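**Q** Position 323 of the sequence shown, counting from 1, maps to 362 under the working numbering, and the rest follow consecutively.
One structure follows; several queries about it will come next.
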Amino acid sequence: MKVLGKYLLLLFMLSTVALSVSAENIRGPVSGTLILDGLNENRSVTTKVEHLTGIIIKDLSPLIQGIKISVRASDEMVIYKNSFALYIYKDLDKDFSEEENSYRGSQAFMRFLPFSDDLSVLIPLSDAHTLSPDRSSFLMADSNQSEDFPLLISILPITKGIPDTAYNKELTIDISPVYFKKGLLVLNIMNDRAEEISEGIRISIDGKSYDWPNGPYLLNSGLHTLTIRTEDGSEESLPFSLDSGQTLNLDHVLQYQLPLLSIEVMEGLSVYLDQRLLNQSEFETAMEIQPGSHSIRFELGDFKMSRDFTAEMQQRIKITMVPEILLETR
């Protein structure tokens, strides 16, 4: 039991030491908050040395694969090259607030600031990200960091003998989303009365079928062709393009091609379509009718003749009435 007790005490002490090493005190006046929230993005904060800046993300779009943090300074700061470093902290012990200037957290990133060039840090926010650093940027981590927010940024001195004037110089921290090479299509299909059509529609984009109604549709950036088909066989195609990170709202009024009915009759005949007497002017040209079952009746004195027919979309129907002549000999 004594051995077990000593072992547990040692384990506790080691865990306490590890915790104290990973967690740091983070203090300083708060300069502002960088918020990535859909279209509402606070992308720039002016700060100073030993001040804090918070980074918050909300409602992360599937178009965003990461964020880019950039630090800019005036040319006067070049003389302090590598005298300051950019620190990024995660795992904060409390929710970030501009009213709070003391935190505990773990260091996620540190880099000397050259000040001769802007320094940028890429932070992945998706398991499928393709972010990679270049000559002027660094990758904070290889894996998805979206669960580590909020983050804190601070610029701290790392050398001695820095004059007080350097602490009063303003620096700018920018944040910008890094998009996948994809865009979102928000599709609205309506009739000529501006009513959304939710049934009897099939859509395909670049030959691939998609559920309707549904969306938004995540597509590669570039040119695309949308094809809309109705149950009655009508088909419309329209091209559109998407930029990386773009959300395109596409409203389309479906142009239904109703059946066209042409009627040819001799003068003096009365024509009834679905029990309604037609005026002569109505059947002098082709008329639009609704798809479905119809009846037509011709009358001349005591003579009557009727016929039922079915009309379909895009169909052209021609009805010619020629009275029969009966010849009888005795």
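Every residue, glycine too, gets a C-beta built ideally from N, C-alpha and C.
In this text, all values refer to a predicted model and were calculated from it rather than measured experimentally.
Short check: CB of residue 162 to CB of residue 149, under 8 Å?
**A** The residue given as residue 162 occupies position 123 in the sequence shown. The residue given as residue 149 occupies position 110 in the sequence shown. In this structure, residue 149 does not lie closer than 8 Å to residue 162 by Cβ.
**Q** Would residue 359 and residue 303 qualify as a contact pair, given that the criterion is a beta-carbon distance under 8 Å?
**A** As a position in the sequence shown, residue 359 is number 320, starting the count at 1. As a position in the sequence shown, residue 303 is number 264, starting the count at 1. A contact, by the Cβ cut-off of 8 Å.
**Q** Using DSSP's beta-bridge definition, name the partner residues of residue 94.
**A** Along the sequence shown, read from residue 1 onward, the residue named residue 94 stands at position 55. Answer by DSSP bridge pairing, in chain order: 73, 190.
**Q** Rounded to whole angstroms, how far is the Cβ of residue 106 from the Cβ of residue 216, which I believe are closer than 8 Å?
**A** The count along the sequence shown starts at 1 and reaches residue 106 at position 67. The count along the sequence shown starts at 1 and reaches residue 216 at position 177. Contact holds; Cβ gap of about 6 Å.
**Q** Grab me the residues of residue 237's own chain with a C-beta within less than 7 Å of its C-beta, minus the 5 sequence neighbours each way, in chain order.
**A** As a first step, residue 237 is located in the sequence shown; it is residue number 198 there, counting from the start. Excluding positions up to five away in sequence, the list reads 252.
**Q** Taking just the CA atoms, how far does residue 88 sit from residue 169?
**A** Within the sequence shown, residue 169 is the residue found at index 130, counting from 1. Within the sequence shown, residue 88 is the residue found at index 49, counting from 1. Approximately 32 Å between the Cα atoms of the pair.
**Q** Kindly indicate which residue of 235, 221, 220 has the alpha-carbon position closest to the one of residue 227.
**A** The residue labelled residue 227 in the question sits at position 188 within the sequence shown. Nearest option by C-alpha distance: 235.
**Q** Can you round the beta-carbon distance between residue 191 and residue 152 to whole angstroms, since I take them to be within the 8 Å contact cut?
**A** Within the sequence shown, residue 191 is the residue found at index 152, counting from 1. Within the sequence shown, residue 152 is the residue found at index 113, counting from 1. Rounded, the Cβ-Cβ distance is 17 Å, inconsistent with contact.
**Q** Using C-beta distances below 8 Å, list every residue in its chain close to residue 60, excluding the 5 sequence neighbours before and after it, in chain order.
**A** Position 21 of the sequence shown, counting from 1, holds the residue named residue 60. Confidence in residue 60 is poor, its pLDDT being 45 and thus under 50, which makes the residue's placement too unreliable to answer from.
**Q** List the whole-angstrom C-beta distance separating residue 247 from residue 113, where the pair is believed to meet the contact cut-off of C-beta under 8 Å.
**A** Walking along the sequence shown from the start, residue 247 turns up at place 208. Walking along the sequence shown from the start, residue 113 turns up at place 74. Residue 247 to residue 113, Cβ: 52 Å. No contact.
**Q** For residue 212, which of 154, 139, 281, 336 has the nearest alpha-carbon?
**A** Along the sequence shown, read from residue 1 onward, the residue named residue 212 stands at position 173. With distances taken between Cα atoms, residue 212 lies closest to 154.
**Q** Tell me residue 206's beta-bridge partners as DSSP assigns them.
**A** Numbered from its first residue, the sequence shown carries residue 206 at position 167. Answer is none; residue 206 lacks a bridge partner.
**Q** The beta strand (DSSP E) with residue 104 in it runs from where to where?
**A** Working through the sequence shown from its first residue, we reach residue 104 at position 65. Where residue 104 is concerned, the enclosing beta strand (DSSP E) stretches over 103-112.
**Q** Based on the DSSP secondary-structure assignment, which residues constitute the bridge partners of residue 279?
**A** Taking the first residue of the sequence shown as position 1, residue 279 is located at position 240. 263, per the DSSP bridge assignment.
**Q** Taking buried to mean at least 16 other C-beta atoms within 10 Å of its own C-beta, is residue 104 buried or exposed?
**A** Counting from 1 along the sequence shown, the entry for residue 104 is found at position 65. Buried, since its Cβ has 16 or more Cβ neighbours within 10 Å.
**Q** Go to residue 86, then tell me how far its beta strand (DSSP E) extends in each direction, as first and last residue.
**A** Numbered from 1 along the sequence shown, position 47 holds the residue referred to as residue 86. Residue 86 -> beta strand (DSSP E) spans 83-86.
**Q** For the beta strand (DSSP E) containing residue 128, list its first residue and its last residue.
**A** Walking along the sequence shown from the start, residue 128 turns up at place 89. That run of the beta strand (DSSP E) goes 123-129.
**Q** Grab me the residues of residue 135's own chain with a C-beta within less than 6 Å of its C-beta, minus the 5 sequence neighbours each way, in chain order.
**A** Numbered from its first residue, the sequence shown carries residue 135 at position 96. Correct list, in chain order: 93, 189.
**Q** Could you compute how far the alpha carbon of residue 230 sits from the alpha carbon of residue 343?
**A** Locating residue 230 in the sequence shown gives position 191, counting from the first residue. Locating residue 343 in the sequence shown gives position 304, counting from the first residue. If you take the alpha carbons of residue 230 and residue 343, they lie about 39 Å apart.
**Q** Quick check on residue 344: does DSSP put it in helix, strand or coil?
**A** Here residue 344 corresponds to residue number 305 of the sequence shown, with the count starting at 1. Strand.
**Q** Please confirm whether residue 210 and residue 110 have their CB atoms less than 8 Å apart.
**A** In the sequence shown, residue 210 corresponds to position 171, counting from 1. In the sequence shown, residue 110 corresponds to position 71, counting from 1. Cβ atoms of residue 210 and residue 110: closer than 8 Å.
**Q** Assuming residue 220 and residue 183 are in contact, meaning their beta carbons sit under 8 Å apart, how far apart are those beta carbons, in whole angstroms?
**A** For the purposes of this step, residue 220 is taken as residue 181 along the sequence shown, with counting starting at 1. For the purposes of this step, residue 183 is taken as residue 144 along the sequence shown, with counting starting at 1. Contact doesn't hold; Cβ gap of about 18 Å is too wide.
**Q** Does residue 322 come out as helix, strand or coil in the three-state DSSP assignment?
**A** Start at 1 with the first residue of the sequence shown, and residue 322 comes out as number 283. DSSP places residue 322 in helix when its eight states are reduced to three.
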